[in-house]
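Notes follow the structure.
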Amino acid sequence: MAVEVLFSKLTALMTSDHASVVSLNLFVALLCACIVIGHLLEENRWINESITALVIGVCTGFFILLSTGGKSSHIMAFSEDLFFIYLLPPIIFNAGFQVKKKQFFRNFMTIMLFGAVGTLISFGIVSLGAIHFFPKLDIGSLKIGDYLALGAIFSATDSVCTLQVLNQDETPLLYSLVFGEGVVNDATSVVLLKAIQNFDLSHIDLTTALDLIGNFLYLFIASTVLGVLAGLLSAYIIKKLYFGRHSTDREVALMILMAYLSYMLSELFDLSAILTVFFCGIVMSHYTWHNVTESSRVTTKHAFATLSFIAEIFIFLYVGMDALDIEKWRIVYPSPGKSVAVSSLLLALILVGRAAFVFPLSFLANLLKRSSSDQRIEFEQQVTIWWAGLMRGAVSMALAYNQFTRSGDTKSSENAIMITSTITVVLFSTVVFGLMTKPLVRLLLPSSKHIISMPSPPSTPKSFTVPLLRNGHDAESNGGTQNVRRPSSLRMLLGIPSGGVHHYWRKFDDAVMRPVFGGRGFVPFVPGSPLEQSVHQWS
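Just so you know, the UniProt record's numbering puts 324 at position 324 of the sequence shown, and the rest follows in order with no gaps.
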């Protein structure tokens, strides 16, 4: 009898392992299909890679649903841990690592206006709208914390579609604003939800509100500081030990592991891991990247970009397949009108909340730009920024699962309606708004070549490596000085120079930071190292 039980358990285990292998093979094949189809449709006026992956995911889920007789629609269920621990870190880190720092910090105040203040405004409008309208829809017993959580969930934008259309070199101001706002916005939304979940909001008073604001600021600042410290530590270790003299593999591995360690430490301390790993990426690109050998620089650039690209496609495919989760749709099936009403109301609140801060804050940002050399945000660019933030993606999905499955009661109608409504908003905004992004950007900004074209094949090894090793500094310095009018003497006297902070930071950086942590111009030279050989070869 015992032998039979043991045999049955082994059989079940082998069956389970086989099913996992089959699922993994199918998912990898779908990823390859997404990349190939996305490449073939790259010049298409409407479709982009994120929409391609989403549509393939939905079609695959529908096929699995039919083949299993309506029992299941996905190979893998949506897992918040999988998303936040494995998929999101390479995307956010690469965003910080590849960012053109000069453009990002030149527009830092505007980015923070949109990403932090704007997200708070959108959060307030969505939350107040939900508090006012949702009780009239009779969708269940939602608490005040749930309404505030909805504001945080639907304040998290997904600007991937727009970034795939914009060209970083043709529209540097617009690209840096959309890109920077997207990262800060996601971090702000996650921090908001964490802060909301940390407090009992059944009785809100002034003390609770101040504690909530204080907790939000603490999470924001502590997360940033942790990311900066992790980046500086990696730079110091690699500069002092100079792993490249023996093995480039070690320094590449150390960079990847230190970046991931910063993310996991932030999760361990209940901080915003998105902010931590983003600023870790910025610091690593400024210091650590310059301390490694030439081959490691090329390797890390391509490795981080490739991991980010695969994770992005994985997420959209993942979201598309989970959209047909039959269990949650069965719960809301008796009252489809409520689900449609909730989704429509959320979309309307997103549109209003987005417009409520983009145009006023753009006006404020233009007023603050006293120097004539500062680029102003034109109305067409404001519309593009507004449109870029209308789409919702995997971050909203993950936050919705985090909030409405915390109690373990996924069978309740209100939780099911909230999750299915989130899925509906994500699908509709990504597909419908995403399809209209390319034509809209071409209409609003006709003078620029927005579709990113691949560079021509390099003719020499030097022409291949030098642009990569520049890390975007030369392109920024050249791009930032074109078409700039010389301000008048009176304007220069009365205006506050926009480059003042950057000037003093560069002096401090060159005098204090780079001698300790390395960076461009402070790269260690070791006799016989690959770096020294390459320098002699190019000199």
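Ideal placement from N, C-alpha and C gives every residue a C-beta, glycine not left out.
By the neighbour-count criterion, in which 16 or more other beta carbons inside 10 Å mark a residue as buried, Asn25 falls on the exposed side.
If you draw a straight line from the Cα of His203 to the Cα of Leu128, it is about 17 angstroms long.
With contacts defined by Cβ atoms closer than 8 angstroms, Val165 and Val441 form a contacting pair. In this structure Val126 touches Ile350 by the C-beta definition: roughly 7 angstroms separates them, less than 8 angstroms. Under the rule that a run must span 4 or more residues, the alpha helix (DSSP H) segments found entirely inside the stretch 240-326 read 248-268, 273-283, 294-322. The beta-carbon separation of Ile51 and Thr430, rounded to 7 angstroms, stays under the 8 angstroms limit for a contact. The beta carbon of Leu219 is closer than 7 angstroms to those of Val191, Lys194, Ala195, Leu271, Ser272 in its chain, skipping five residues each way along the sequence. Look at the beta carbons and you see the stretch 130-142 not touching the stretch 376-383: under three pairs across the two are nearer than 8 angstroms.
The continuous alpha helix (DSSP H) containing Leu120 extends over residues 119-137. In the displayed model, Ser429 falls within a helix according to three-state DSSP.
With respect to the C-alpha of Leu232, the residue from Asp211, Thr208, Met258, Ile64 having the closest C-alpha is Met258.
Less than 8 angstroms separates the beta-carbon of Phe154 from that of Leu346.
Here Gly281 has Phe93, Gly96, Phe97 as same chain residues with Cβ atoms under 6 angstroms from its own Cβ, once five neighbours each way along the sequence are excluded. For Ile310, the closest of Met397, Tyr86, Gly69 by C-alpha to C-alpha distance is Tyr86.
Three or more Cβ pairs drawn from the stretch 52-69 and the stretch 316-325 lie within less than 8 angstroms of each other, which places the two stretches in contact. Within the same chain, Phe123, Ser189, Leu192, Leu193, Ile196, Leu399 come within 7 angstroms of Ala152 by CB-CB distance, once the 5 residues on both sides are set aside.
Looking at Ser79, Thr422, Arg354, Ala222, the one whose alpha-carbon comes closest to that of Gly182 is Arg354. The beta-carbon distance between Gly320 and Ala53, rounded to whole angstroms, is 7 angstroms. This is short enough to meet the 8 angstroms contact definition. Here the stretch 171-181 lies against the stretch 101-121, with 3 or more beta-carbon pairs under 8 angstroms apart.
In this structure Ala388 touches Ser159 by the C-beta definition: roughly 4 angstroms separates them, less than 8 angstroms. Exposure of Ser67 is indicated by the presence of fewer than 16 other C-beta atoms within 10 angstroms of its C-beta. In the structure shown, the three-state DSSP call for Gln375 is coil.
Nearest Cα to Phe428 within the set Ser343, Phe199, Gly214, Tyr260: Ser343.
In this chain, Ala156 is not harboured by any alpha helix (DSSP H), its DSSP state being neither H nor E. The straight-line gap separating the alpha-carbon atoms of Ile238 and Val292 is approximately 7 angstroms. Assigned with DSSP and collapsed to three states, Thr68 falls in coil, not helix or strand.
Here the alpha carbon of Pro89 sits roughly 14 angstroms from the alpha carbon of Met255. The beta carbon of Leu307 lies closer than 8 angstroms to those of Pro90, Asn94 in the same chain, with the five residues before and after it left out. Proximity to Ala253 across Ser396, Val28, Arg297 peaks at Arg297, based on C-alpha coordinates. Phe517 sits buried, since 16 or more C-beta atoms from the chains shown fall within 10 Å of its C-beta. With a contact defined as Cβ atoms closer than 8 angstroms, Gly57 and Tyr318 qualify at about 7 angstroms. Boundaries of the alpha helix (DSSP H) around Ala348: 336-368.
Put simply, the backbone Cα of Val432 is about 11 angstroms away from that of Leu390. With a threshold of 16 other beta carbon atoms within 10 Å, Trp289 meets it and is buried. Remark: C-beta atoms of Lys301 and Thr420 do not approach each other more closely than 8 angstroms.
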